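These notes concern the structure reproduced below.
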């Protein structure tokens, strides 16, 4: 199908690490080619503990967006 042209171009998603927020971010970025800024509050990984699932979701999203040539930034906090 490819990227649709009639949609959002810049998107701010609050609660972007899981659920509806992550789904909205994926849809806007990969469905419409929108630049996305995701804001969330998740625990980072540490030497003795793994991070929360949302932290890894956001890291994976940013990696895939970068590989696809899409602008994305994530703010944890």
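Numbering (the UniProt record's numbering), first residue to last: 1 to 77.
Note that the Cβ used here is the ideal one computed from N, Cα and C, for glycine as well.
This one's a predicted model, so the numbers in the text were calculated from it and none came from an experiment.
Here residue 9 has 34 as same chain residues with Cβ atoms under 6 Å from its own Cβ, once five neighbours each way along the sequence are excluded. The beta carbon of residue 52 lies closer than 6 Å to those of 42 and 43 in the same chain, with the five residues before and after it left out.
Between the alpha carbons of residue 60 and residue 19 lies a gap of roughly 15 Å. For residue 37 against residue 73, the beta-carbon gap comes to about 5 Å, under 8 Å, which counts as contact.
Residue 17 and residue 69 do not touch by the CB rule: their CB atoms are close to 22 Å apart, not below 8 Å. Between the C-alpha atoms of residue 56 and residue 76 there is a straight-line separation of about 12 Å.
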